[in-house]
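Here is the structure we will look at, set down as structure tokens.
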Amino acid sequence: MSKDLKQNLQILKSLYTDCSDVIFHDFVIGEKETAALVYIDGLSNIEEIDEHLLEPLMKENADAGSITAIKDQISISSTKKINKISDVINEISNGNPVILVHNLNTGLAVALPHWEMRSIEDPAAESVVRGPREGFVETIRVNTSLIRRKIKSPQLKMKSMVIGKYTQTQIVITYIEGICNQRLLKEIENRLNKISIDGILESGYIEEMIEDNPYSPFPQVLSTERPDVVSANLLEGRAAILVDGSPFALIMPISFWSLMQSSEDYYQGFIVGTTIRWLRYFFLCVALLAPSLYVAILTYHQEMLPTTLLLTIAQSREQIPFPALVEALLMELTFEALREAGVRLPKQVGAAVSIVGALVIGQAAIQAGLASAPMVMVVAITGIASFLIPRYSMATSIRLLRFPIMFLSGFLGLTGLMLGVITLVIHLCSLRSFGVPYLDPLGPTKKSSLKDVLFRAPMWSQTTRPHFTGDDWNKNRQAPGQKPHLGKGDQ
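Plus 1 on top of the position in the sequence shown (first one is 1) and you've got our numbering.
Below is the structure:
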């Protein structure tokens, strides 16, 4: 920046040509020195600017001799000295007005941002019966404060960086020092530093660019709207990425099992949590394999069905002109279209369209002879099963994988179904999330970490953190011997 105020303003005005929302307000400090206030209308608090900036600086005895003197005369605690035009652009873009003074080659940025933002609400995609009712919003500082409210230790660190040539989107990497592995942090920073793109509008941009295997249908980064989920994963030694403008935080590394867990598993008793977790695993298999199993048995292995059931199915399919594979594909595609239509339509209309549409189309397909009643029932059970998967990204992957396995079953029977399952297991075994095996701790097996995989062990027995995170000297999450008193009470 130059000491000539007119030259600085000329550069800024040339950069912001045809930008009616950028305000250049000329004024005089203490009736002695000319100055200018630069800010963006809609991003800065105009009332605070008038009261705490312009009013004290325009008094007769105001001093404009130095930036320090100007800083001492305003009643704003958070200020920053800047000496580059690029810094001016960055500050006003973040809602901080900048004071430029003639004969001074340094400006003063004042923290007075103000813009409309959504209030904190219960996240619709991750609702729980028991648990916190607050979710992230689109403002990054609100999101960091929600995490800081839960983890009050100064060991909670938040590193900021900017990505996006034009959007200049602020990114925050948050972790707990001493618990999170330093090699994981370096890997995250390296992958983020390699991103060179025009803009970041949502955390999904970041997720796609930092995955180990972008061609895999399975998510390798966990996205969540819940601060309690982020806090719980930070306490286990993982790291999270917050993106300004997105209510979704990214957590890494993850495993297949963490995508099948819900925060509510830990807010209920371990018996209830384990039962619900096993219910999810069972219906995961149903959502993936039920249509394929029906097609394989009906096409190649009719002898596996009881005679009465086989006669019932044969009678229902008597007027159906299509083979079982075509019938299943027709109904599955129709069900998926209805589900997507229910999501995209307005909230008041979407639920009615998805439910009523499925009933009406299913019944009409049976009466028209395009689908049999058993096939409609199988598709309906499959759709309900997919809703039990707690993570939407994981449920979407299972929905996609259902179709290639269905094709294999339609052409090769149960042999094709098993071939698809074996291929899927091999892919999962080879998959990594930031270097951590996707099936960890079952593949490879780690006995010390199996307390929170297939079942949810009691809280008092989970004394150590996952083995792949944290420093060796800080593995314990609680003191041993925390088992509650199980007697009849003190005498």
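Yeah, the Cβ is synthetic: ideal placement off N, Cα and C, and Gly gets one too.
Once the 5 residues before and after residue i are set aside, which same chain residues still bring their CB inside 6 angstroms of it?
i	result
Met210	Ile196
Ile252	Leu223, Asn234, Arg239 and Ala241
Leu16	none
Asn46	Leu113 and His115
Asp5	none
Ile298	Met305
Tyr268	Arg131 and Gly132
Glu135	Ile121
Spatial neighbours of residue i within its chain, please: CB distance less than 7 angstroms, with the 5 preceding and 5 following residues excluded, ordered by chain position.
i	result
Asp491	Because the pLDDT of Asp491 is 49, which lies under 50, any placement of that residue in the model is unreliable, and the number read from its coordinates should be weighed accordingly. Result list for Asp491: empty, nothing under 7 angstroms.
Asp245	Ile141, Thr170 and Gln171
Phe456	Thr275 and Arg278
Gln479	Thr464
Which residue from the options puts its Cα closest to that of residue i?
i	options	result
Leu113	Ala125, Ser76 and Ser146	Ser76
Leu1	Ala329, Leu401 and His302	Since the first residue shown for the chain is 2 and the last is 492, residue 1 is missing from the structure and cannot be characterised.
Ala329	Ile321, Pro292 and Phe271	Pro292
Leu432	Glu212, Val379 and Glu319	Glu212
Gly205	Ala396, Lys151, Ser247 and Met395	Ser247
Ile382	Val422, Leu289, Ile427 and Gly370	Leu289
Phe336	Pro133, Leu202, Leu440 and Val380	Val380
Lys158	Gln11, Ile177 and Glu48	Ile177
Glu92	Ser78, Ile71, Glu49 and Leu44	Leu44
Ser94	Ile207, Lys476 and Cys20	Cys20
Leu339	Glu52, Glu203, Asn194 and Ile362	Ile362
Val327	Arg478, Thr308, Thr309 and Val296	Val296
Pro254	Glu34, Gly436 and Leu10	Gly436
Met460	Phe271, Phe323 and Lys33	Phe271
Leu425	Ser217, Glu208 and Glu52	Ser217
Lys60	Glu48, Lys33 and Gly66	Lys33
Arg318	Leu285, Ala369 and Pro347	Ala369
Asn194	Glu203, Lys160 and Val23	Lys160
Just to confirm, is the Cβ distance from residue i to residue j under 8 angstroms?
i	j	result
Leu55	Phe28	yes
Phe137	Pro228	yes
Met162	Lys85	no
Ser434	Pro442	no
Val89	Val39	yes
Gly96	Asn62	no
Val377	Ala365	no
Met118	Leu260	no
Pro124	Glu226	yes
Leu331	Leu418	no
Ser256	Val230	no
Glu237	Pro467	yes
Leu413	Leu420	yes
Thr300	Gly411	yes
Ile71	Ile50	no
Ile174	Glu190	yes
Ile321	Ser373	yes
Lys153	Ser232	no
Ser462	Lys447	no
Ala36	Leu10	no
Rounded to whole angstroms, what's the CA-CA distance from residue i to residue j? Just pull it up for me.
i	j	result
Phe283	Glu127	21 angstroms
Asp64	Leu58	8 angstroms
Ala325	Leu409	13 angstroms
Ala250	Leu147	12 angstroms
Asp42	Val130	42 angstroms
Leu13	Thr168	18 angstroms
Gly165	Arg192	14 angstroms
Ala458	Met407	36 angstroms
Val287	Gly384	9 angstroms
Leu306	Pro375	13 angstroms
Leu243	Lys7	39 angstroms
Ile399	Leu429	13 angstroms
Arg281	Phe388	10 angstroms
Ala315	Ala386	26 angstroms
Ser79	Glu52	16 angstroms
Ser186	Lys476	Residue identity differs from the one stated: residue 186 is Leu in this sequence, not Ser. Leu186 and Lys476: Cα-Cα distance of roughly 18 angstroms.
Pro98	Val273	54 angstroms
Gln74	Thr18	32 angstroms
Cutting at 8 angstroms between CB atoms, please list the residues of its own chain near residue i, excluding the five before and the five after it.
i	result
Ile68	Lys82, Val102, Leu105, Thr107, Gly108 and Leu109
Gln156	Ile177, Glu178, Gly179 and Ile180
Phe404	Leu330 and Glu333
Would a check of beta-carbon distances place residue i closer than 8 angstroms to chain C?
i	result
Phe283	The structure shown contains no chain C; it is built from a single protein chain.
Taking 7 angstroms as the line, does the beta carbon of residue i fall inside it for any heavy atom of the ligand ZN?
i	result
Leu185	Judged by which ligands are present, the structure shown has none, so any question about the ligand ZN falls away.
> Which full runs of the beta strand (DSSP E) of 3+ residues lie inside the stretch 42-108, going along the chain?
Replying inline: 80-83 and 99-102
>> Please give me, in chain order, every unbroken run of the alpha helix (DSSP H) with length at least 4 that falls completely inside the stretch 284-318.
In response: 308-317
> At what residue ranges does the stretch 121-191 contain a whole run of the beta strand (DSSP E), taking only runs of 3 or more?
Replying inline: List check, beta strand (DSSP E) in window: 157-164 and 170-177.
> If you scan the stretch 318-390 from start to end, which runs of the alpha helix (DSSP H) of 4 or more residues do you find wholly inside it?
Replying inline: 325-345, 348-369 and 374-388
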